[in-house]
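This report concerns only the one structure given below.
Number of protein chains: 2
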Amino acid sequence: MSESPERDARHKARMQRKKAVVDDKIALATDEYGLLLVHSGNGKGKSSSAFGMVARALGHGMKVGVVQFIKGAATTGEEAFFRRFPEEVSFHVMGEGFTWETQDRQRDIAKAREAWAVARRLLDDDEIGLVVLDELNIALKYGYLELDEVLADIEARPVLQHVVVTGRGALPGMIGAADTVTEMNLVKHAFKAGVKAQKGIEF
Amino acid sequence: MSESPERDARHKARMQRKKAVVDDKIALATDEYGLLLVHSGNGKGKSSSAFGMVARALGHGMKVGVVQFIKGAATTGEEAFFRRFPEEVSFHVMGEGFTWETQDRQRDIAKAREAWAVARRLLDDDEIGLVVLDELNIALKYGYLELDEVLADIEARPVLQHVVVTGRGALPGMIGAADTVTEMNLVKHAFKAGVKAQKGIEF
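Note that the protein sequences, when read in sequence, are chains C and A. Numbered by the numbering used here, the letters in the first sequence go through residues 4 to 206 in order. Numbered by the numbering used here, the letters in the second sequence go through residues 4 to 206 in order.
Structure, rendered in C-alpha cells:
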C-alpha cells in the first residue's frame, strides 16, 4: 500500500466521481439520500443491529449486500438465515479472517484488500439499497486498509444507498464521515461462571 | 393494579414456579440456559439489535416470539419482513400503542396489560427459543405494568428461553435482573437539515 502514480490516478478518478455524486445529491434536493452509519463501542449489538437493519431493508423490498471482514465474528446464525434469500441478500464472508495467531501482516493485508474489492462492487451497484461492512473498523484500525481509500469508495456510492460500518475502535476519520454514530457500551455482563456462549445470542 | 388477595395468590404461585425453575436450572448444571438481555440508552440500535438476534435465532432453527409494546415504533420494515415466516415467528404489535396525545392513563394501562398477557403466553411456551419484548421499558417507566410482576413472569420462563427487553430508561430493577445490559449511546446524529427519516434506516 505504498504511494504510486497508479494510486494517485485512481484517487483522482475517485475524487472526480465523488464530485459528480455530490453534485447529483445537490440536484436531488436534500430530502432523500443514503446514510453512512457507524456502530462502535465495546458492547454487544454492533453487528446485531446492522443485521436488524438488513431485516428492515428487506421488509421494504430493498436488496442488501453484506461483507464480513472477520470470519466467524459471532454471526453464524445471521449468515445461515440471510443466505436463505440469495436473490435479495448478497452475503460475503471473506477468507479466513485475520490471522491473530500467525501475525502474518502481509497476508492479512492481502485478505483485507480482497474483501474490500468485494465491498467496492456492492458500493458500485445501485440496485443495492443497504451495504453492511461488518467489522470493517477492525481492518482499518490495524492499518490493513487505508482509510482515505475506503472513505472515497463509500462516498462515491449510489446516492440512495445506505452503508453501515461496524466494529469497535472506529477511527476519528470514519466518525467524521458518518451521518450517525452509535456507541454500544457494555453496562453489565453477568454471565455466571461456567455458562458458555449461548446459541442464538452469542453466535 | 391495586393490591388484592388474588394478586397475592398469583404472586405466590409464580414464586413457587420460579423456585422450581431455579432448581431445574441448578439441576441442568450451569452451562446452558436462557439469558435476559436489556438494550437501553438514548441511541439507535436497541430494537434493531434485538431484530438482528431474531435473524440469528432463526438461522439456528429456533422459534421466536415478538411483542411490540409501542405500535409504529419505527420498525415497520422488520414487521413486514418477519411476518413472512409465520411458522417460525409469532409477531404481535399491540393495540394502537400508548396515547401520548390523549393522556388517557387507564386506557394505556389496559392496553399494556393486554400486551403483557400476550407476552406471558410466549414466556410460557417452551418451543420458543427467543422472546423480544420491544419497548417494554417504556411501559414500565410509565408505570403501566408492575415491574415485580413482569420480572416474575420473565424469571419463570422455560429454562432455555432467551429474552430481550428494549427501550430507553430501563428501570434499575430490570437492569438488576438482566444477565447482560447494553446501552446504545448516540455519539453523532448529523442529519443534514431537510433530510427526512430514511426508509430502511429509521423505519
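C-beta atoms are modelled at their ideal positions from N, C-alpha and C, and glycine is treated no differently.
In chain A, which residues lie with their C-beta within 7 Å of the C-beta of C/Phe72? The sequence position of residue 72 of chain C within the first sequence is 69, counting from 1. The premise fails here: C/Phe72 is roughly 17 Å from chain A at the closest Cβ pair, so nothing lies under 7 Å.
Check the Cβ-Cβ distances between C/Lys66 and every residue of chain A, and say whether any is below 8 Å. The residue given as residue 66 of chain C occupies position 63 in the first sequence. It does not: the Cβ of C/Lys66 has no partner Cβ on chain A nearer than 8 Å.
Residue range of the beta strand (DSSP E) that C/Asp137 falls in? Counting from 1 along the first sequence, the entry for residue 137 of chain C is found at position 134. From DSSP, the beta strand (DSSP E) with C/Asp137 extends over 131-137.
Hey, how far is the Cα of A/Leu174 from the Cα of A/Met97? Taking the second sequence and counting its residues from 1, one reaches residue 174 of chain A at position 171. Taking the second sequence and counting its residues from 1, one reaches residue 97 of chain A at position 94. Taking the straight line joining both Cα atoms gives about 22 Å.
Give the list of continuous beta strand (DSSP E) stretches no shorter than 3 residues that lie fully inside the region 151-176 of chain A. 165-169
With distances taken Cα to Cα, identify the nearest neighbour of C/Gly179 among C/Leu136, C/Leu154, C/Gly80. To locate residue 179 of chain C, count along the first sequence from 1; it is residue 176. The residue with the shortest Cα to Cα distance from C/Gly179 is C/Leu154.
Between the Cα of C/Asp111 and those of C/Asp127, C/Ala142, C/Met56, spot the shortest distance and give me the residue it belongs to. Here residue 111 of chain C is taken as the residue at index 108 of the first sequence, counted from 1. For the residues C/Asp127, C/Ala142, C/Met56, the minimum Cα distance to C/Asp111 belongs to C/Ala142.
Quick one: what does DSSP say A/Leu38 is sitting in, helix, strand or coil? Taking the first residue of the second sequence as position 1, residue 38 of chain A is located at position 35. Three-state DSSP puts A/Leu38 in coil, outside helix and strand.
Excluding the five sequence neighbours on either side, which residues of its own chain have a C-beta within less than 8 Å of the C-beta of A/Thr33, listed in chain order? Residue 33 of chain A sits at position 30 when you count from the first residue of the second sequence. Here the model assigns A/Thr33 a pLDDT of 49, short of 50, so the residue's position is not dependable, and the following value carries that caveat. Within the same chain, A/Thr33 has no close Cβ partners at all.
Give me the Cα-Cα distance between C/Glu9 and A/Met177, rounded to the nearest whole angstrom. Taking the first sequence and counting its residues from 1, one reaches residue 9 of chain C at position 6. Taking the second sequence and counting its residues from 1, one reaches residue 177 of chain A at position 174. One C-alpha to the other measures close to 57 Å.
Strand pairing of C/Asn188, partner residues [DSSP]: The count along the first sequence starts at 1 and reaches residue 188 of chain C at position 185. In DSSP, C/Asn188 forms a bridge with A/Glu186.
If contact means a Cβ-Cβ distance below 7 Å, which residues of the region 153-180 of chain A contact chain C? His165, Ile178
Residues bridged to A/Glu71 [DSSP beta-bridge criterion]: Translated into the one-based positions of the second sequence, residue 71 of chain A becomes position 68. Note that residue 71 of chain A is Gln in the sequence shown, not Glu. The partner list for A/Gln71 (beta bridge, DSSP) reads A/Val96, A/Asp137.
Using beta carbons (cut-off 8 Å, strictly below), is A/Val135 in contact with chain C? Working through the second sequence from its first residue, we reach residue 135 of chain A at position 132. So, not an interface residue.
Which of the three DSSP states is assigned to A/Lys212 in this structure? The requested residue 212 of chain A does not occur in the structure, where chain A is confined to residues 4 to 206.
Residue of C/Asp129, C/Glu81, C/Glu149, C/Ala12 minimising C-alpha distance to C/Val70: The sequence position of residue 70 of chain C within the first sequence is 67, counting from 1. C/Val70 has its Cα closest to that of C/Glu81, out of C/Asp129, C/Glu81, C/Glu149, C/Ala12.
Any 3 or more C-beta pairs closer than 8 Å across the region 39-46 of chain C and the region 54-70 of chain A: no
Would C/Arg160 be called buried (16 or more neighbouring beta carbons within 10 Å of its own) or exposed? Position 157 of the first sequence, counted from the start, is the residue given in the question as residue 160 of chain C. Counting Cβ neighbours within 10 Å, C/Arg160 comes out buried, since at least 16 surround it.
Would you report the Cα separation of A/Ala53 and A/Asp128, rounded to the nearest angstrom? Working through the second sequence from its first residue, we reach residue 53 of chain A at position 50. Working through the second sequence from its first residue, we reach residue 128 of chain A at position 125. So the two alpha carbons sit approximately 19 Å from each other.
So does the region 136-151 of chain A actually touch the region 164-172 of chain A, counting three or more Cβ pairs closer than 8 Å? yes
Which term fits A/Glu186, buried or exposed, when burial requires 16 or more other beta carbons within 10 angstroms of its beta carbon? Here the question's residue 186 of chain A lines up with position 183 in the second sequence. Buried, because 16 or more other Cβ atoms sit within 10 Å of the Cβ of A/Glu186.
Give every residue of the same chain whose Cβ lies closer than 6 Å to the Cβ of A/Val166, excluding the five residues on either side of it in the sequence, and list them in chain order. For the purposes of this step, residue 166 of chain A is identified with residue 163 of the second sequence, where counting begins at 1. Result list for A/Val166: Leu39, Val134, Ile157, in chain order.
Quick check on the burial criterion: 16 or more other C-beta atoms within 10 angstroms. Buried or exposed for C/Asp182? Residue numbering aside, residue 182 of chain C sits at position 179 when the first sequence is read from its first letter. Classification for C/Asp182: buried.
Rounded C-beta distance between A/Gly55 and A/Gln164? I'm assuming under 8 Å. Here the question's residue 55 of chain A lines up with position 52 in the second sequence. Here the question's residue 164 of chain A lines up with position 161 in the second sequence. 18 Å between Cβ atoms; not a contact.
Spatial neighbours of C/Tyr147 in its chain, beta-carbon cut-off 6 Å, leaving aside the 5 residues before and after: Along the first sequence, read from residue 1 onward, the residue named residue 147 of chain C stands at position 144. Cβ within range, chain order: Asp111, Ile112, Ala115.
How is the alpha helix (DSSP H) around A/Leu61 delimited, first residue to last? The count along the second sequence starts at 1 and reaches residue 61 of chain A at position 58. A/Leu61 -> alpha helix (DSSP H) spans 49-62.
In chain C, what lies closer than 9 Å to A/Leu125 by C-beta? Translated into the one-based positions of the second sequence, residue 125 of chain A becomes position 122. None at all; the shortest Cβ gap to chain C is about 15 Å.
In chain order, what residues of the same chain lie with their CB nearer than 6 Å to the CB of A/Leu189, ignoring the 5 residues before and after it? Here residue 189 of chain A corresponds to residue number 186 of the second sequence, with the count starting at 1. Answer for A/Leu189: Asn45, Gly46, listed in chain order.
Taking C-beta to C-beta, are A/Val162 and A/Val41 nearer than 8 Å? The residue you call residue 162 of chain A lines up with position 159 of the second sequence. The residue you call residue 41 of chain A lines up with position 38 of the second sequence. In this structure, A/Val41 does not lie closer than 8 Å to A/Val162 by Cβ.
Between which two residues does the alpha helix (DSSP H) holding A/Gly146 run? As a position in the second sequence, residue 146 of chain A is number 143, starting the count at 1. Segment: none, A/Gly146 is in no alpha helix (DSSP H) and carries neither H nor E.
With a CB to CB cut of under 6 Å and the five nearest residues on each side skipped, what residues in its chain are close to C/Leu125? Counting from 1 along the first sequence, the entry for residue 125 of chain C is found at position 122. If we look at C/Leu125 and ignore the five residues flanking it on each side, its Cβ neighbours are Gly68, Ile131, Val134.
Applying a beta-carbon distance threshold of less than 7 Å, which residues of chain C neighbour A/His192? For this step, residue 192 of chain A is matched to residue 189 along the second sequence. By Cβ distance, chain C contributes Thr183.
Cβ-based contacts, 9 Å cut-off: residues of the region 45-65 of chain A near chain C: Gly46, Lys47, Gly48, Lys49, Ser50, Ser51, Ser52, Ala53, Phe54, Gly55, Met56, Val57, Ala58, Arg59, Ala60, Leu61, Gly62, His63, Gly64, Met65
Listing by chain order, which chain A residues have their CB less than 8 Å from the CB of C/Ala83? Within the first sequence, the letter at position 80 stands for residue 83 of chain C. Those within 8 Å of C/Ala83 in chain A are Gly62, His63.
Expected contact under 8 Å - CB spacing of A/Phe94 and C/Ala58 to nearest Å: Here residue 94 of chain A is taken as the residue at index 91 of the second sequence, counted from 1. Here residue 58 of chain C is taken as the residue at index 55 of the first sequence, counted from 1. With a Cβ gap of about 12 Å, A/Phe94 and C/Ala58 do not count as contacting.
Please classify A/Ala122 as buried or exposed, where buried requires at least 16 other C-beta atoms within 10 Å of its C-beta. As a first step, residue 122 of chain A must be located in the second sequence, where it is residue number 119. Its Cβ being crowded by 16 or more others within 10 Å, A/Ala122 is buried.
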